[in-house]
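A.B. asks:
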Amino acid sequence: MTRTSAESSVELATDPETAFRIFTEEINLWWVRGPINAYDASRLAELRLEPGVGGRMLEIYDEASGDQLETARITAWQPGALLVMRDSLQDTETEVRFEPSGDGTRVSVSQRLVPGGDPTGLGFGWVAMLPTFLAWTRRRDSAPRTPREVGRLGIALYYSDPAAAARWLRGVFGLGSWDVDQAPEGDGSGWIELHIGDSLLILFPLRGERPAEGPVTHEVWVHVDDLEAHFARAREAGAVIISGIALHGSRSYVAEDLEGHRWTFVQARPTMRR
113 MTRTSAESSV ELATDPETAF RIFTEEINLW WVRGPINAYD ASRLAELRLE PGVGGRMLEI
173 YDEASGDQLE TARITAWQPG ALLVMRDSLQ DTETEVRFEP SGDGTRVSVS QRLVPGGDPT
233 GLGFGWVAML PTFLAWTRRR DSAPRTPREV GRLGIALYYS DPAAAARWLR GVFGLGSWDV
293 DQAPEGDGSG WIELHIGDSL LILFPLRGER PAEGPVTHEV WVHVDDLEAH FARAREAGAV
353 IISGIALHGS RSYVAEDLEG HRWTFVQARP TMRR
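Just so we're aligned: the sequence shown equals residues 113 to 386 in the working numbering.
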């Protein structure tokens, strides 16, 4: 069955007017520059959302030459309350609501196929990116005013159930998506991103049977701030410990995840720590 809608919400410790302003004016800072997070991610220089009804969501490739692409058009603009956009590249409409919630704001995003629209190849990027908006609101007071880019090295791992793997990696190894508190969602059929520092970890669905047990052909190495605490957390959460903490130039230990991938966790140097 083709999925035709998606929705999500987050709680922010700020008022609705400020939340609306951050969402719209600082989109170039909170929207992660991942490989699939733009129509033409390889050329993207800036994301821009023009204010007001009729305003455009733009991917700017070259400001000087005017090389840009409209990806959405604003159909409702109520600062502190409501933002609605009609996608220009697919038949979806995105509604963003800003509602008072205690001392803060609940931001809710729903993206859905428009009546009579073509469901082929739908994506729900606005919903998927909402946790990174939450993360930006929490760190923006001390963060540099430059877009956060992924590093040049990315690692892809294949799992029978990528969504379950993402939740396990979050819960057991503490891996996440740049300060995001929740594990990425997914239906096991598509692309799920995690970030380790500025490096990209992509979880893909495994096609066919996993190869029979044989020699280990690869491991993922991750530097962590507190190796003892990380080791204790992983062991208590049920990770298979292949080798405990030892000193081999750097202090490290090795563990397996829920589907048998091996991970080496290394104590980060003081200059590497967050």
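Just so you know, even glycine gets a beta-carbon here, dropped at the ideal spot from N, CA and C.
1) For residue 114, which residues of its own chain have a beta-carbon under 7 Å away from its beta-carbon, when the five flanking residues on both sides are left out?
2) Compare the C-alpha of residue 171 against each of 191, 200, 275, 271 and name the closest.
3) Cα separation between residue 138 and residue 360?
4) In this structure, what does DSSP give as the bridge partners for residue 261?
5) Please say whether residue 150 and residue 236 have beta carbons closer to each other than 8 Å?
6) With a threshold of 16 other CB atoms inside 10 Å of the CB of residue 292, please say whether the residue is buried or exposed.
7) Could you spell out where the beta strand (DSSP E) holding residue 224 opens and where it closes?
8) Pick from 167, 342, 178, 330: whose alpha carbon is nearest that of residue 88?
9) To which residues of the same chain is residue 120 closer than 7 Å at the C-beta, ignoring the five residues directly before and after it?
10) For the beta strand (DSSP E) containing residue 234, name the first residue and the last one.
11) What residues match up with residue 129 in a beta bridge as DSSP calls it?
C.D. replies: So, from the data block:
1) 231
2) When each option's Cα is compared against that of residue 171, the closest is 200.
3) 44 Å
4) The partner list for residue 261 (beta bridge, DSSP) reads 145.
5) Cβ distance not < 8 Å, so residue 236 and residue 150 don't count as in contact.
6) With a pLDDT of only 48 at residue 292, under the threshold of 50, the placement of this residue in the model should not be trusted, and no figure is reported.
7) 216-225
8) No answer is possible for residue 88: it lies beyond the span of the chain, which begins at 113 and ends at 386.
9) Residues of the same chain with a CB within less than 7 Å of the CB of residue 120, apart from the 5 flanking positions on each side, are 221, 239, 242 in chain order.
10) No beta strand (DSSP E) contains residue 234, which DSSP labels as neither H nor E.
11) DSSP output for residue 129 lists no bridge partner at all.
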